[in-house]
Every structure is written in C-alpha cells, then in structure tokens.
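Structure record follows, encoded as structure tokens.
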Amino acid sequence: MPTELEKMLAGELYNAGDPDLIARRSAARKLFVAYNALPYENADEKKAILRKLLGGFGNNVDIQSPFYCDYGENIYFGENVFVNFNCIMLDCAKITLGDNVFLAPNVQLYAAYHPIIASERIKGPELAAPITIGNNAWLGGGVIVCPGVTIGENTTIGAGSVVTKDIPANVVAAGNPCRVIKHL
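Last residue of the sequence shown: 184 (UniProt numbering), numbering continuous.
Below is the structure:
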C-alpha cells in the first residue's frame, strides 16, 4: 500500500495530516525560517541551509528573503536562478525551474490543490500536480502559477498574471487567465 508521500508525489488524493508529511513540512519551516533570518551577506550559511531544504540546485542561485515553501525537497533549480522577495512555492509535487529563470517579487507557485467537488473537498484529502518553468523564463511581479502548468523556455509572463494552463516557449503572455500576447 502506498504511503501518503508516495500518493502525493504521484498526483493521487492524499492525507496532508499524515504524521510523516507533517514532520517534513515542519522540518522545511525550521529551515526556511533560519534562512530568512540570516542577513543577505551570510551567503555561505544561506547556501548551506538551501542544501538541506531544496531537492537540488545549480550554481549561482540567489533567493531573496523571505522565501516560503511546503516541503522544499520537491523544488529543483537550474543554474543562474534568481528568486526575488516573498516567493511562495507549495511543492506538494515537483517544482522545477530551468537555467537562467528570474522570478520577480511575490511570485507564487502552487503545485497543491483541492478537489473541486465540495463533498469531496470537505473530506480532507488533497491533490498536487508538478510545475515546470523552462530555461530563460521570466515571471513578473505577483504572478501565480497553478498546479500542473508548464511554462516554455525563453518565455516572459507579465506581472499579475494567473497561469492556469501551459504556456509555450518563446512568447510573452499575460492576464487572468494568462494567454499568449506575442510570439518572440
């Protein structure tokens, strides 16, 4: 029988109140609180915390404080990633950022979601779907990316956009819901 963690990562209904999942979220919170409390100049200490918190990351990753996540271990960054102030990543499924990705302030990546049928939702189990952001993408301030979305490489998402569906490579997209405005 699969564990709640295995169900969560497989995109199946899972119980977020599972003791193992609670312990993992608690460990992540301790790490991001410590990360957020350190001065910007303490780069080596901050990087050491990221090694414990995140699933993996390349060279030259710069995450401005405050930064928040659910588990951390399901977040993967490529090379030369910049994450500006007040980013939230609900990583109940894998969140992957490619190389040279820039996230402006207040970007929110939500891999977690709940059943849309109220009678199912109130029972408590949750769902999650992965988010992938391709190389060289830039997400403007306040962008929200919903579960299961892929954003293609070299794409810019305009500030304030709500990305509910996949966005192709080499475009500028914006709005609520986010849609392609210009091909590059």
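We put the beta carbon where it would ideally sit given N, CA and C, even for glycine.
Remember, predicted model here, so these are calculated numbers, not experimental data.
Asked                                                                                                 : Found
As assigned by DSSP and simplified to three states, the class of Met-8                                : helix
CA-to-CA distance, Gly-152 to Leu-31, given in whole angstroms                                        : 30 Å
Contained beta strand (DSSP E) runs [length at least 3] in the region 115-163, N- to C-terminal order : 131-133
Helix, strand or coil at Phe-57 according to DSSP, with G and I counted as helix                      : strand
Sufficient close CB pairs (3 or more, under 8 Å) joining the region 41-58 to the region 159-174       : no
According to DSSP, residues forming a beta bridge with residue 194                                    : What is shown of the chain runs 1 to 184, which leaves residue 194 out entirely.
Closest Cα partner of Gly-175 within the set Glu-73, Gly-142, Glu-120                                 : Gly-142
Status (buried if at least 16 other CB within 10 Å, exposed otherwise) for Asp-70                     : buried
Burial state of Tyr-40, where buried means 16 or more other Cβ atoms lie within 10 Å                  : exposed
Bridge partner(s) assigned by DSSP for Val-172                                                        : Thr-156, Lys-182
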